[in-house]
Each structure stands twice: as C-alpha cells, then as structure tokens.
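The structure appears below as structure tokens.
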Amino acid sequence: MHCTRKILLSTLAGALFVAAHAQAREFRSSDVQPEDYPTVQAQKFMSDELGKLSNGKYSIKVFHSGQLGSEKDTIEQVKLGAIDFLRVNTGALNTVCKATVVPVMPFVFKSKEHMRAVLDGPIGEDILKDCEKEGLIGLAYYDSGSRSFYTKKPINSLADLKGMKIRVQQTDVWVAMMKALGANATPMPYGEIFTGLKTGLIDGAENNWPSYESSHHYEVAKYFSLTEHSMAPEVLLMSKRIWDKLTPEDQQMIRKAAKDSVPYMRKLWDEKEMAARATVEKAGVQVITPNKAEFQAAMKPVYDQFINNDPALKSLLERIQATN
581 MHCTRKILLS TLAGALFVAA HAQAREFRSS DVQPEDYPTV QAQKFMSDEL GKLSNGKYSI
641 KVFHSGQLGS EKDTIEQVKL GAIDFLRVNT GALNTVCKAT VVPVMPFVFK SKEHMRAVLD
701 GPIGEDILKD CEKEGLIGLA YYDSGSRSFY TKKPINSLAD LKGMKIRVQQ TDVWVAMMKA
761 LGANATPMPY GEIFTGLKTG LIDGAENNWP SYESSHHYEV AKYFSLTEHS MAPEVLLMSK
821 RIWDKLTPED QQMIRKAAKD SVPYMRKLWD EKEMAARATV EKAGVQVITP NKAEFQAAMK
881 PVYDQFINND PALKSLLERI QATN
C-alpha cells in the first residue's frame, strides 16, 4: 500500500511537471539595435524577471539587429499578433498613436531628469494608453538619450545645415523639423544609413551617442554637432491581440517585469552613453557645440503645424512643460 502510494505521488508529480512545461511559452520580441545595446539587454533582463514571476511559464526571446524587420514593419506585425513584443522609438509611432507626437517634438524636454519625471508619471501613462485602441499595449519607456547631428562636414551653426541631406525616420515631425532648419530630410531605414553616408546619398543623420557608436556611423561621418534637439524616448510594446488572451494575473506579471527592467536599462544606458562618446572621440570624431538657442528658435513653425492647433496635444504639451 505504501509503495503504491509512493508510485501514485511520483506519477502525479511527473504529470504536473510535464503539464507545467507543456504550457510554457516563449514570446518573441523585436529590436533593430544590436545585441549589446541597452534596450536589447533590458528586454533580456525582463525575460529573466518574467521567468521568475511566472515560475518558468513565460520567457522572451529577443530578435535583435532588425532580424524581424524594420521598426515600421514590425509595428504592423505586432498589431496583427505575429510578433508579441516590440521595442520602438516614439517617432515611429507618430502615425499610429497621435499622443506620441508630443514627446518627439524638438526641445520638448529640458533635461534627462525632466524627461524621466514626465514619462514615469501620469503623463507617460496617458501617452501609452493612446496606443491601445490601435492594438498596442504600452508597457514601459526606455531612454534614447538626446539626439544630435552627425555629418561628413561640420555644423558649427544653423546656416551650415542649409541644403544638407539628413537622414530622418519616416515621421512627419522630423521631416518638418529638417525643413525648418533648412536641411533636406531624407527618410530611410536605420540599416541603410552607413551605406548612405559612405556613398554620399546622405550628408548626415541624427541620433544619440550609443547608436552613433554601435552602428559604426562615426567611421564615415566624423563630425558630431551637439544640438541635443530631441529626447524622443523608446517604448516597449506588446500586441493587444496576444495581451487579451492572457489572464489578469499574467498581464500583471508582464507589466511588473517590464517596469522592473527600466532602472536596469537606465543604468546600462548612462554607462553606454559615456563609453560610446569616449570611443568615438578616441577614433577622431570632432565634437562641436553650436548655439542651441538658434536651433530652438527655428522650431516655431513645427509647433504651429503639429501642436498649437490641436487642443488635446497642446494640453499634453502644457502638462509636460509644467512638470518639474
């Protein structure tokens, strides 16, 4: 009898173990950045946290370096439920979620600290909620640093930008910003920038220190003009089609794992930012500090076009400006 009971218990335990692992699921997440980039590492951290919270039920495989497609392509795949998670810049969401236009606007944030205070609070939550009706669940914000121009010829003043072909994301705000600055906006996928710079298809681009370094764009565009014209954050999203199939408990675990990855990402980001700048300067990049005030003054037409005639976006902007 005792032996039979042991066998039954052993069989039951084995069945439970098999059932638990049969239900285990590996989600897929897409990121255009390379494997060592802070956003990719943060998603791997999130996967580890989710595994702990779910007792091994869930994990996330991060497809880095644009393996699943460009940001634009993968947004559509996530909306359809073909990809579970996506890390994307807010600029790429402007045509999908209207509220994301505001954090992309030039010079909207006063500093990194101001940006984090805004995004970590109710304003950040309201922006993410705007994406839900489009099939995207916003989970967290990651840092993207401040974007500045890097070019094949130096930009010492606003006048130097005139006529330059500058790569931008395919977003109306950044195209309008380039026009206001006198440059020729040239939208192209991120993965084509290096060749574009090398062949002369474009004269420059704009991004943060880690992207400039990890992409090796500094090898063909040796001038970095510290305009810091945008701090458009990154967003971690999940497909609403997938989300709606999960239990409330599982949804809560995913939200917690995502939020827990933010401090980790920011620590990596701050370290990467300093290291990337040191690397490119050692490689001979010339860092220029132009007068940012003249660049900021040129942005009035952009605000008139995208914000000032839209009561909802204007209200959102005013809330950001009122945040300390």
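For the sequence shown, the numbering used here begins at 581 and goes up steadily by one. Note that beta-carbon positions come from the ideal geometry of N, C-alpha and C, so glycine has one too. None of the values given here were measured: they were computed from a predicted structure.
Ala760 and Asp752 have their C-alpha atoms some 12 Å from each other.
One alpha carbon belongs to Leu716, the other to Leu738, and they sit about 38 Å apart. A residue is called buried when at least 16 other Cβ atoms come within 10 angstroms of its Cβ; Gln832 does not meet this threshold and is exposed.
Per DSSP, the unbroken beta strand (DSSP E) holding Gln866 starts and ends at Gln866 to Ile868. Distance from the CA of Lys713 to the CA of Gln866, rounded to the nearest whole angstrom, comes to 45 Å. Val658 and Tyr638 have their C-alpha atoms spaced approximately 18 Å apart. DSSP places His809 within a strand segment (E or B) once states are collapsed to three. In this structure, Gln647 sits away from Ala756, with a CB-CB distance that is not shorter than 8 Å. Counting along the chain, the unbroken beta strand (DSSP E) around Lys745 starts and ends at Lys745 to Val748.
In this structure, Gly661 places its C-beta atom within 8 Å of the C-beta atom of Ile822.
Relative to the Cα of Val815, the nearest Cα in the group Thr779, Val842 and Ser791 belongs to Val842. Here the alpha carbons of Ser726 and Val681 stand approximately 16 Å from one another.
When the five nearest sequence neighbours on each side are left out, the beta carbons in the same chain lying within less than 6 Å of the beta carbon of Pro686 are those of Met757, His809, Ser810 and Met879, in order along the chain.
For Ile887, there is no enclosing alpha helix (DSSP H), as DSSP gives it neither H nor E. Nearest to Gln750 by C-alpha distance, out of Pro790, Asp740, Val684 and Lys641, is Val684. Going by DSSP, Gly631 is part of the alpha helix (DSSP H) stretching over Pro618 to Leu633. For Ser609, the beta-bridge partners assigned by DSSP are Val642 and Phe665. For Gln623, the closest of Asn674, Tyr721, Pro769 and Leu896 by C-alpha to C-alpha distance is Tyr721. Here Leu699 carries a helix assignment [DSSP, helix/strand/coil]. Three or more beta-carbon pairs separated by less than 8 Å are not found between the region 773-787 and the region 852-860, which leaves the two stretches without contact. Between Ser724 and Ala812, the gap from beta carbon to beta carbon is short of 8 Å.
In its chain, beyond the 5 residues on either side, His694, Ala697, Val698, Gly701 and Ile703 have a beta carbon closer than 8 Å to the beta carbon of Thr903. In the displayed model, Gly671 falls within a helix according to three-state DSSP. Burial is judged here by how many other beta carbons sit within 10 angstroms of a residue's own beta carbon; Glu853 has at least 16 and is buried.
Only exposed fits Pro767, as fewer than 16 other CB atoms lie within 10 angstroms of its CB.
In the DSSP assignment, no residue is bridged to Tyr770.
The residue from Val676, Met744, Lys732 and Phe875 with its alpha-carbon nearest to that of Glu799 is Lys732. If you draw a straight line from the Cα of Val676 to the Cα of Asn669, it is about 12 Å long. Sequence-distant partners of Asn736 (beyond 5 residues in either direction) whose C-beta falls short of 7 Å from its own C-beta, in its chain, are Ile868 and Pro870. Here the C-alpha atom of Ser791 lies approximately 22 Å from the C-alpha atom of Asn764. His797 sits close to Tyr730, with the two beta carbons spaced by under 8 Å. Leaving aside the five residues that flank Asp710 on each side, the residues in its chain whose CB is nearer than 6 Å to its CB run, in chain order, Cys677 and Ala679. For Met818, the uninterrupted beta strand (DSSP E) segment begins and ends at Glu814 to Ser819.
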